[in-house]
Each structure stands twice: as structure tokens, then as C-alpha cells.
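Asker: Position 234 (the sequence shown) corresponds to 234 in UniProt numbering; numbering is contiguous. Don't be surprised by glycine CBs; every beta carbon is placed ideally from N, CA and C. Quantities reported herein were computed from a predicted structural model and do not represent experimental measurements. Here's a structure for you.
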Amino acid sequence: GDLAEDPVLTDEFEVMDSYAEYFNYSCPHCDPLMTAPVDEENGWWGSPYVYNESLHPTAWTGMLTCDWLDQWQTENAAQPFFLKVSFIRPHSPYDPPERWFNYMVDRIDDIPRHQVGVDNWDQRFGIPSSICNMSNDDTYCGDPGQDLVLLSRAAYYGSIAFVDEWFGHIWDKLEETSLLDRTFMVFVADHGDSLGDHNLWRKGYFTEQVASIPMYMRWPNSTRYESTNKIVLARNSTIDAVVELRDILPTLADVAKISFTTEQAVEIDGTSTLNLMKGEDVEWREFIDLEMAACGFNASINWNALTDGKTKFVHSLYDGQVLLFNLTEDPYELRNLAGLSEHADLVSLWEAKMVANFKAEGRNRMFVEGERLGVINSTTKCSATKLTENYPCYPSLCSDY
């Protein structure tokens with residue numbers, strides 16, 4: 001999301017917390033979106049940042065973080081702290097510094113090509129239309145051709161590299177200030193980017209490129225910490241469990257030995273992952289649910305999905321399209337199994353899970369009726385842009401639902 005527009009004032013710190021304020025102060029009369037060929041920050045194109053890289057939001061976030069750590073070590077070294085470092089990039093516009101853009105372009109043959117379904121389940125996203133129109137500044141679908149896709153990917157990879165570079169500076173600063181080995185660290189993204197796969201762009205879809213994000217956790221490198229918290233998981237291990245962003249809050253609270261009241265615990269959706277790190281035999285969720293509510297932007301991208309990390313079931317609220325993917329054998333979701341007779345029982349099984357999930361949430365007839373999933377179509381009385389109380393962006397506008 002956007003950085004705060006006002007400075008943060010506390011008893012101990014006065015921090016310029018607005019990137020826009022910093023940019024305008026440092027470069028008067030400059031356009032922060034000059035990199036873009038159009039005045040639209042959600043475009044699919046990629047090109048180098050046009051200003052000195054010290055003005056880039058990635059550099060600003062990194063510099064501010066390092067300065068904060070220096071000040072904390074000087075004034076509050078003995079106190080615990082919580083610091084959220086939120087890099088806006090990688091995100092459109094894909095605009096890394098020129099050196100990182102050129103570095104990736106020089107290695108463009110090593111960048112994976114975009115892929116589409118072998119059975120054409122995603123074909124509609126590559127067909128020019130009023131929705132999938134590459135001439136629209138912020139289109140979310142369309143095929144501009146392999147060369148332009150690769151340039152956008154090179155710019156995105158360069159954006160990742162620039163974040164990685166600044167994360168390295170932050171790591172060095174934690175070591176320099178002797179804070180690294182008393183700090184529990186979580187590195188995570190809020191979403192991925194389609195980058196042309198399935199002829200899709202940006203976020204908003206159920207695909208692995210968008211929904212399956214990196215989540216790394218590092219505990220302090222000390223035997224005392226590991227023994228106190230009974231962590232037996234070896235470093236560089238991967239936990240084979242379905243985790244999600246909602247697990248971060250309870251995990252950090254668990255790490256910090258913060259307890260919730262009964263009333264507070266009811267409001268927390270996630271689960272602490274610390275028990276997974278302890279190697280304990282804990283009861284964990286079977287699957288997670290994914291959802292996109294277009295909120296008036298585009299009715300055709302209203303969908304729901306369930307996944308256990310090995311299988312993914314998708315249902316389109318817009319037209320009833322059903323998709324089923326074997327993520328173990330087909331991680332790029334190139335083959336939809338839902339239309340194959342040999343997978344009919346599996347489709348029914350996952351459909352029943354989604355029906356039960358909707359009922360448990362108290363969803364209305366737009367989403368589930370009886371044992372069937374709902375569909376918005378030309379005969380549905382409630383339009384796709386009036387999605388009832390189930391979406392927070394709309395009031396209950398459809399009384400018959």
C-alpha cells in the first residue's frame with residue numbers, strides 16, 4: 001500500500017515517513033512516474049528508472065530503515081523493537097535502476113518465457129477485447145508478444161535484485177549494531193505478479209505466480225534462543241504445511257511471548273507457525289481459501305479457490321468456470337483437469353469442500369445454494385458490481401439474496 005502522507009512524530013523520533021514528501025523535497029518539479037510511458041503506475045511495461053537511484057522508493061525505504069536502526073541502537077539498545085520494512089517494489093511500474101535493468105537484459109536468454117495453458121483454459125485472456133486490451137494503461141490481461149514480455153520480466157527481475165541489494169544493507173546494519181542475533185526476522189510478500197503467464201498481468205488471480213509467495217523466517221542464531229524456544233527444525237529447512245499471511249501476527253506474538261485474551265483470540269484468523277518449527281505434531285489446517293472480489297473494477301475476475309498446496313480448485317463466480325490443477329505435477333497450472341472424466345470425483349470432492357466452507361462462513365445464495373456453488377450470469381438478478389454484504393466494499397444491495 002501507499003506510504004503514510006504525514007511525518008511520524010513520537011517522543012523519541014521524528015521521521016519523514018512520506019516518500020512523496022521526500023521525493024518532492026529532493027527533486028522539485030520532478031514527476032515520480034516519469035519512468036512510465038503514460039501517467040499510470042499499474043501498467044505492464046518495464047523500463048529503467050529515469051532519476052538518480054537514491055530517489056527510488058526502494059532506496060528510500062532501505063536508507064530510512066538503516067537510519068532507524070542506527071538511531072535505535074544509539075538511544076534504545078536494550079529495548080525490544082518491532083520494525084516493519086515495506087518495500088513497494090517489485091510492483092508496477094517495473095522500474096529498477098538502469099544498472100539492474102541492463103544487468104537483466106544482458107541475461108535475457110536466462111529469463112523464463114511466459115507460459116499459457118496447453119488445453120487453452122486461459123485462451124480468453126490473450127484474445128484482444130474491451131477487457132484484455134494492451135493499449136489500456138492498466139489492463140490486467142493480454143499478449144503484447146514475447147519480446148515485450150521479456151523486457152517487462154527483465155525489469156521485474158531487476159526490481160527484485162534492487163530490493164535484495166538493500167535487504168543486504170539492512171542485514172549488514174543489523175550485524176553492525178549487534179541486533180541481528182536478537183532479532184526474529186520474517187521476509188514475505190503480499191502477492192506475486194503474473195508477468196504475462198496465462199496472458200495475465202499484475203495481481204488479482206489465483207495462479208501460483210500471484211498467490212504462492214515467498215515466506216522466510218529466521219530466528220536468532222544462538223543456541224540459547226533455540227533451546228529456550230525448543231526449536232528443533234534445521235536451518236534452511238522447508239515446512240510442508242499450508243501457511244498464509246494471517247499466520248504472521250500470531251507467530252510474532254508467540255515469538256515475543258505476547259498472550260491474547262479470549263476476546264482477542266477470537267478475532268485472530270491465523271495460527272502461530274512456531275509449533276511447526278518446534279517439530280511438534282500439531283493439528284494444522286487442511287487447506288486455505290483464496291478469493292478475488294473485483295469491487296466494481298471488472299466483474300469477470302470474481303473467483304474463489306481452495307488449495308492444500310498440492311491440488312488447487314477454482315470456481316468462477318462470474319460464469320461458473322471450474323478449474324482443477326495438480327500442483328505437484330503441474331506447478332505452472334498449464335493443464336485444467338476439471339474437464340476430464342477421470343477427475344470427476346476429485347472435482348466433486350473439492351466442490352463439496354468449497355460449499356461447506358461457504359456455509360460455515362454464512363455466505364448467501366449468490367455464493368452457495370443447497371449443495372451447489374452460485375454463478376453470476378445474465379439471469380442473475382443481482383449484478384456482479386453489487387456483491388452484497390459478503391464483500392466489505394459493498395453494502396447489502398440485493399435484498400432478494
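Locate the beta strand (DSSP E) running through Lys312, then write down its first and last residues.
Answerer: Thr311 to Ser316
Asker: Could you check if His114 is buried or exposed, using at least 16 other CB atoms within 10 Å of its CB as the buried criterion?
Answerer: Residue burial annotation: His114 is buried, with at least 16 other C-beta atoms found within 10 angstroms of its C-beta.
Asker: Leaving out five residues on either side along the sequence, give the residues of the same chain with a beta carbon under 7 Å from the beta carbon of Gly374.
Answerer: Leu317, Arg365, Met366, Phe367 and Val368
Asker: Quick one: Cα of Arg218 to Cα of Val163, how far?
Answerer: 18 Å
Asker: Would a C-beta distance cut-off of 8 Å place Asp193 and Pro28 closer than the cut-off?
Answerer: no
Asker: Does DSSP put Trp45 in a helix, in a strand, or in coil?
Answerer: coil
Asker: What distance in whole Å lies between the Cβ atoms of Gly158 and Trp121, which are believed to be in contact at a cut-off of 8 Å?
Answerer: 31 Å between Cβ atoms; not a contact.
Asker: Please check the pair Phe206 and Ala305, which I expect to be a contact at CB under 8 Å, by giving their CB distance rounded to whole angstroms.
Answerer: 4 Å
Asker: Is it buried or exposed for Ser378, if we count other Cβ within 10 angstroms and need 16 for buried?
Answerer: Residue placement at Ser378 cannot be trusted, given a pLDDT of 46 that sits under 50; the coordinates are not used to answer.
Asker: Between which two residues does the alpha helix (DSSP H) holding residue 405 run?
Answerer: Nothing about residue 405 can be reported from this structure: the residues present for the chain run from 1 to 401 only.
Asker: Tell me which residue opens and which closes the beta strand (DSSP E) that Met292 is part of.
Answerer: Where Met292 is concerned, the enclosing beta strand (DSSP E) stretches over Ile288 to Met292.
Asker: According to DSSP, is Arg124 helix, strand or coil?
Answerer: helix
Asker: State yes or no: is the C-beta of Val282 within less than 8 Å of the C-beta of Leu276?
Answerer: In contact: Val282 and Leu276 (Cβ atoms closer than 8 Å).
Asker: Within 10 angstroms of its Cβ, does Asn336 collect 16 or more other Cβ (buried), or is it exposed?
Answerer: buried
Asker: When DSSP labels each residue in this structure, what does Glu244 get in the three-state scheme?
Answerer: coil
Asker: For the beta strand (DSSP E) that Ala189 lies in, which residues bound it at each end?
Answerer: No beta strand (DSSP E) contains Ala189, which DSSP labels as neither H nor E.
Asker: Using the three-state DSSP reduction, which class does Thr262 fall into: helix, strand or coil?
Answerer: helix
Asker: Take Leu179 as the anchor and find which of Ser152, Met134 and Phe81 has the nearest alpha-carbon.
Answerer: Phe81
Asker: According to DSSP, is Leu306 helix, strand or coil?
Answerer: strand
Asker: How would you label Gly117, buried or exposed, when you count the other beta carbons within 10 angstroms and need 16 or more for buried?
Answerer: buried
Asker: Out of curiosity, what's the CA-to-CA distance linking Val50 and Asn133?
Answerer: Looking at the backbone, the Cα of Val50 and that of Asn133 are separated by about 27 Å.
Asker: Assuming Trp201 contacts Thr139 (C-beta within less than 8 Å), just tell me the rounded distance between them.
Answerer: Going by Cβ atoms, the distance from Trp201 to Thr139 rounds to 7 Å, so yes, they are a contact pair.
Asker: Answer with buried or exposed for Tyr156, where buried requires no fewer than 16 other C-beta atoms within 10 angstroms of its C-beta.
Answerer: buried
Asker: Report the three-state DSSP secondary structure of Phe325 (helix, strand or coil).
Answerer: Residue state, collapsed to three classes: strand.
Asker: Between the Cα of Ala349 and the Cα atoms of Arg372, Leu327, Arg363 and Asp330, which residue gives the shortest distance?
Answerer: It is worth fixing the name first, because residue 349 is Leu in this sequence and not Ala. Residue Arg372 is the option with its Cα nearest to Leu349.
Asker: Would you kindly work out how many angstroms separate the C-alpha atoms of Phe23 and Gly43, rounded to a whole number?
Answerer: Roughly 21 Å between the two C-alpha positions.
Asker: Please list, in chain order, all residues of the same chain as Arg153 whose beta carbon is under 6 Å from its beta carbon, the five residues on each side excluded.
Answerer: When the five nearest sequence neighbours on each side are left out, the beta carbons in the same chain lying within less than 6 Å of the beta carbon of Arg153 are those of Ile111 and Leu195, in order along the chain.
Asker: Checking 8 Å against the spacing of the C-beta atoms, do Leu323 and Ala338 come in under that value?
Answerer: yes
Asker: Hey, could you find the ends of the alpha helix (DSSP H) Met354 is sitting in?
Answerer: Run containing Met354: Ala344 to Glu361, per the alpha helix (DSSP H) assignment.
Asker: Can you name the residues that DSSP bridges to Tyr216?
Answerer: Phe187
Asker: What is the residue span of the alpha helix (DSSP H) that Val210 lies within?
Answerer: Glu208 to Ala211
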